[in-house]
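There are 2 protein chains.
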Amino acid sequence: MKHLHQRIRDDIEARIMSGEWAPGHRIPFEHELMTEYGCSRMTVNKVLSTLAANGLITRRRRAGTVVAEPSNQQAVLQIQDFALEAARAGVEYRFKVLHRSIEPIDAAAAQRTGLPAGTLMLCLSTLHIMDDVPQAFEQRLINLATVPEADKETFKEDPPGTWLLRRVPWTDAEHIVRSVNADGPMAKRLQIQSGAACLVLERRTWQAGAFVTEARLTYPGDRHQLVGRFSPTA
Amino acid sequence: MKHLHQRIRDDIEARIMSGEWAPGHRIPFEHELMTEYGCSRMTVNKVLSTLAANGLITRRRRAGTVVAEPSNQQAVLQIQDFALEAARAGVEYRFKVLHRSIEPIDAAAAQRTGLPAGTLMLCLSTLHIMDDVPQAFEQRLINLATVPEADKETFKEDPPGTWLLRRVPWTDAEHIVRSVNADGPMAKRLQIQSGAACLVLERRTWQAGAFVTEARLTYPGDRHQLVGRFSPTA
DNA sequence: ATTACGAATATGTCTATACATAAACGCAGA
DNA sequence: TCTGCGTTTATGTATAGACATATTCGTAAT
Numbered sequence: 124m125k126h127l128h129q130r131i132r133d134d135i136e137a138r139i140m141s142g143e144w145a146p147g148h149r150i151p152f153e154h155e156l157m158t159e160y161g162c163s164r165m166t167v168n169k170v171l172s173t174l175a176a177n178g179l180i181t182r183r184r185r186a187g188t189v190v191a192e193p194s195n196q197q198a199v200l201q202i203q204d205f206a207l208e209a210a211r212a213g214v215e216y217r218f219k220v221l222h223r224s225i226e227p228i229d230a231a232a233a234q235r236t237g238l239p240a241g242t243l244m245l246c247l248s249t250l251h252i253m254d255d256v257p258q259a260f261e262q263r264l265i266n267l268a269t270v271p272e273a274d275k276e277t278f279k280e281d282p283p284g285t286w287l288l289r290r291v292p293w294t295d296a297e298h299i300v301r302s303v304n305a306d307g308p309m310a311k312r313l314q315i316q317s318g319a320a321c322l323v324l325e326r327r328t329w330q331a332g333a334f335v336t337e338a339r340l341t342y343p344g345d346r347h348q349l350v351g352r353f354s355p356t357a
Numbered sequence: 124m125k126h127l128h129q130r131i132r133d134d135i136e137a138r139i140m141s142g143e144w145a146p147g148h149r150i151p152f153e154h155e156l157m158t159e160y161g162c163s164r165m166t167v168n169k170v171l172s173t174l175a176a177n178g179l180i181t182r183r184r185r186a187g188t189v190v191a192e193p194s195n196q197q198a199v200l201q202i203q204d205f206a207l208e209a210a211r212a213g214v215e216y217r218f219k220v221l222h223r224s225i226e227p228i229d230a231a232a233a234q235r236t237g238l239p240a241g242t243l244m245l246c247l248s249t250l251h252i253m254d255d256v257p258q259a260f261e262q263r264l265i266n267l268a269t270v271p272e273a274d275k276e277t278f279k280e281d282p283p284g285t286w287l288l289r290r291v292p293w294t295d296a297e298h299i300v301r302s303v304n305a306d307g308p309m310a311k312r313l314q315i316q317s318g319a320a321c322l323v324l325e326r327r328t329w330q331a332g333a334f335v336t337e338a339r340l341t342y343p344g345d346r347h348q349l350v351g352r353f354s355p356t357a
């Protein structure tokens with residue numbers, strides 16, 4: 124015998140996901156479900172609150188509860204950690220920091236990040252390599268105003284991304300994925316043909332409004348893809 | 124004066140996201156928070172349960188509650204609806220169904236979808252056009268066993284994706300994003316140079332284990348990108 | 001017909017209490 | 001030292017009741 128909370132939740136989810144209760148359909152009132160399942164209102168309320176938080180239903184005082192309209196479609200994609208993937212696959216992983224400098228932010232990046240012109244950024248270019256084959260080229264900006272300790276870090280142990288993830292929390296992220304043809308220098312770095320299609324993932328993070336870091340990862344199109352699985356109720 | 128529930132939640136979230144409570148840090152017990160905020164345990168419990176459901180904290184009986192390790196990084200990307208975007212931007216949108224047939228599923232697709240060989244699929248190829256410029260080429264398979272009414276649909280009003288989204292609910296989705304060079308026919312369809320980088324988004328959906336549809340969308344790399352914003356607490 | 005206002009109602013938040021249960025702890029016995 | 005078992009403890013689930021508040025609805029006044 125499962126818990127009542129879970130049973131009610133499963134019942135309602137099943138009805139919504141099977142299409143029996145289409146978007147806009149009014150769900151029984153709390154007191155109706157309460158009678159149906161023979162439980163207290165708090166139990167029903169917690170179930171419905173959870174479903175509302177997950178965006179499956181919409182609740183309004185006095186009006187009642189209805190099945191929510193399908194949200195804008197979205198894809199949830201996993202961003203792989205090279206060291207982790209390599210360990211799992213049993214291959215050798217290493218990285219090389221090709222460039223390191225501290226520079227005032229350029230105009231385009233200032234625009235993207237919302238930082239004032241002239242803010243000092245730590246600029247790093249890193250090549251990720253598995254079994255001697257380049258897997259991705261990473262161009263990263265780190266805001267030294269938010270992460271001053273990055274200045275003294277050598278990035279010998281961990282690549283910048285891993286180092287930051289472990290050290291600096293973030294509250295907001297923005298991602299952009301595009302496809303470009305590799306130019307000459309990029310082709311050389313990634314050991315691919317000039318003009319070959321590459322996947323570019325840009326990721327920017329903030330911490331309570333303060334910009335933390337921007338990473339532009341360029342993956343050879345023939346070697347990499349982004350994958351994600353998603354259930355709206357999970 | 125905000126609600127107590129929200130205040131407790133904000134306090135804890137702030138401490139976690141600022142790094143004051145690092146991953147692994149033990150959070151005060153329910154009875155401690157209860158005393159600190161002068162409220163009942165149910166109130167504290169609901170806050171912590173919610174945070175646990177969001178993956179910010181990990182709870183274990185008897186052991187207590189700790190800040191969760193940062194999860195695998197993920198990017199949440201919005202998938203645009205052409206008709207909607209066009210209307211918003213004030214440009215003309217139309218689509219053209221270039222191919223339509225009913226065929227038994229081929230071996231590769233059977234592998235991807237987990238369907239038995241020979242299952243009948245409705246195969247559609249659609250070109251999405253805005254202001255006379257091709258924006259994406261869509262190759263779609265629809266499982267007629269799950270969506271028999273697709274057989275009789277003409278797709279004059281709505282393109283297949285929109286039609287399906289409005290009609291057929293789904294419980295699980297899988298997404299793959301990659302980058303490819305356009306081959307001759309694709310370049311011609313999208314009016315781009317042969318070899319130009321294209322973004323390919325594959326999306327497969329299931330409904331309680333039953334395969335619904337697969338869509339492969341090819342976007343010209345110079346005209347399109349996937350964008351997403353994400354807050355772990357929202 | 002229109003507007004203003006009060007009553008009805010469904011959800012939102014919170015309390016105090018109760019019992020269940022998983023996991024860690026400590027003690028006793030081998 | 002190790003093992004097994006009962007105890008303790010923090011969380012998990014649920015209840016019955018209370019009051020708050022946003023909306024809707026019907027009614028009365030304009």
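Just so you know, the sequences run in chain order U and H.
Using the working numbering, the letters of the first sequence correspond one by one to residues 124 to 357.
Using the working numbering, the letters of the second sequence correspond one by one to residues 124 to 357.
All C-beta atoms in this analysis are idealised placements derived from N, C-alpha and C, irrespective of residue type, glycine included.
- Express the C-alpha separation of histidine 154 (chain H) and alanine 88 (chain H) in angstroms, rounding to a whole number. The question about residue 88 (chain H) has no answer here: the residues shown for chain H are numbered 124 through 357.
- Query: At a cut of 8 angstroms, does the segment 269-285 of chain U reach the segment 327-345 of chain U through at least three beta carbon pairs?
  - Reply: yes
- Task: Would you list, in chain order, the members of the segment 288-300 of chain U that have their beta-carbon closer than 9 angstroms to a beta-carbon of chain H?
- Result: Leu288, Arg289, Arg290, Val291, Pro292, Trp293, Thr294, Asp295, Ala296, Glu297, His298, Ile299, Val300
- Message: For a cutoff of 9 angstroms on Cβ pairs, would you count methionine 140 (chain U) as touching chain H?
- Response: yes
- Item | leucine 221 (chain H) (DSSP reduced to helix, strand or coil) | strand
- Please go through the same chain and pick out, in chain order, the residues whose beta-carbon is closer than 6 angstroms to the beta-carbon of histidine 251 (chain H), but skip the five residues on each side of it. Non-local C-beta neighbours of histidine 251 (chain H) in its own chain, meaning closer than 6 angstroms and more than five positions away in sequence, comprise Phe205, Phe218, Gln258, Ala259, ordered along the chain.
- Integer-rounded CB distance, given that alanine 305 (chain U) should sit under 8 angstroms from arginine 327 (chain U): Going by Cβ atoms, the distance from arginine 327 (chain U) to alanine 305 (chain U) rounds to 23 angstroms, so no, they are not a contact pair.
- As assigned by DSSP and simplified to three states, the class of asparagine 195 (chain U): Three-state DSSP puts asparagine 195 (chain U) in coil, outside helix and strand.
- Message: Rounding to the nearest angstrom, what Cα-Cα distance links arginine 182 (chain H) and proline 146 (chain H) in this structure?
- Response: 13 angstroms
- Message: In the DSSP output, what is valine 350 (chain H) paired with across the bridge?
- Response: According to DSSP, which records beta bridges pairwise, valine 350 (chain H) is partnered with U:Ile299, H:Gln201.
- Message: Does the CB of glycine 344 (chain H) have a neighbour CB from chain U at under 9 angstroms?
- Response: yes
- Query: Between glycine 307 (chain H) and the rest of its own chain, which residues show a CB-CB distance below 8 angstroms, the 5 nearest in sequence each way excluded?
  - Reply: Ser317
- Message: Taking 9 angstroms as the threshold (beta carbon to beta carbon), is glutamine 196 (chain H) in contact with chain U?
- Response: The beta-carbon of glutamine 196 (chain H) is placed less than 9 angstroms from the nearest beta-carbon of chain U.
- Task: Would you list, in sequence order, the uninterrupted beta strand (DSSP E) runs of no fewer than 3 residues that lie entirely inside the segment 128-202 of chain H?
- Result: Counting only runs of 3 or more residues that sit fully inside the segment 128-202 of chain H, the beta strand (DSSP E) segments are 180-183, 187-190, 197-201, in chain order.
- For the candidate residues U:Met309, U:Ala230, U:Gln203, U:Arg223, whose alpha-carbon lies nearest to that of lysine 279 (chain U)? U:Arg223
- Query: Where threonine 294 (chain H) and serine 194 (chain U) are concerned, what is the direct C-alpha to C-alpha distance, given to the nearest angstrom?
  - Reply: 13 angstroms
- Message: Among H:Gln330, H:Asp345, H:Leu174, H:Gln314, whose alpha-carbon lies nearest the alpha-carbon of methionine 140 (chain H)?
- Response: Measuring from the Cα of methionine 140 (chain H), the nearest candidate turns out to be H:Leu174.
- Query: Does any CB atom of chain H fall closer than 9 angstroms to the CB of asparagine 266 (chain U)?
  - Reply: no
- Task: Taking only the alpha-carbon atoms, compute the straight-line gap between arginine 130 (chain H) and proline 151 (chain H) and give it to the nearest angstrom.
- Result: 16 angstroms
- Check the Cβ-Cβ distances between valine 303 (chain H) and every residue of chain U, and say whether any is below 9 angstroms. yes
- Item | Residues near aspartate 274 (chain H) by beta carbon distance below 7 angstroms, same chain, minus five either side | Leu245, Leu267
- Task: Report yes if the CB atom of histidine 126 (chain U) is closer than 9 angstroms to the CB atom of leucine 200 (chain H), and no otherwise.
- Result: no
- Are there 16 or more other CB atoms within 10 angstroms of the CB of threonine 277 (chain H), so buried, or fewer, so exposed? exposed
- Going by beta carbon distance, what residues of the same chain come within less than 6 angstroms of methionine 157 (chain H), once the five residues before and after it are set aside? Taken in chain order, the residues that qualify are Arg164, Val167.
- Message: Determine, for phenylalanine 278 (chain H), whether the minimum Cβ-Cβ distance to residues of chain U falls below 9 angstroms.
- Response: Not an interface residue.
- Item | Inter-residue spacing [alpha-carbon to alpha-carbon] between glutamate 143 (chain U) and alanine 310 (chain U) | 53 angstroms
- Where does threonine 249 (chain U) sit, in a helix, a strand or coil, going by DSSP? strand
- Can you say whether serine 302 (chain U) is buried or exposed, counting buried as having 16 or more other CB atoms within 10 angstroms of its CB? buried
- Nearest CA to the CA of leucine 264 (chain H): which residue from H:Arg289, H:Ala191, H:Asp229, H:Asp254? H:Asp229
- Query: In whole angstroms, what separates the C-alpha of glutamate 325 (chain H) from that of leucine 340 (chain H)?
  - Reply: 6 angstroms
- DSSP on proline 283 (chain U), reduced to helix/strand/coil? Reduced to three states, the DSSP call for proline 283 (chain U) is helix.
- Query: Is the Cβ-Cβ distance between valine 300 (chain H) and valine 350 (chain U) less than 9 angstroms?
  - Reply: A distance below 9 angstroms separates the beta carbons of valine 300 (chain H) and valine 350 (chain U).
- Task: Please list the partners that arginine 164 (chain U) has in chain H, where partner means a Cβ-to-Cβ separation under 7 angstroms.
- Result: Under the 7 angstroms cutoff, chain H gives no residues; its nearest Cβ is about 14 angstroms from arginine 164 (chain U).
- Within 9 angstroms (strictly less), CB to CB, does glutamine 129 (chain U) reach chain H? No - not a single Cβ of chain H is within 9 angstroms of the one on glutamine 129 (chain U).
- Are the C-beta of alanine 231 (chain U) and some C-beta of chain H separated by less than 9 angstroms? no
- Query: For glycine 187 (chain H), which residues of its own chain have a beta-carbon under 8 angstroms away from its beta-carbon, when the five flanking residues on both sides are left out?
  - Reply: Arg149, Ile150, Phe152
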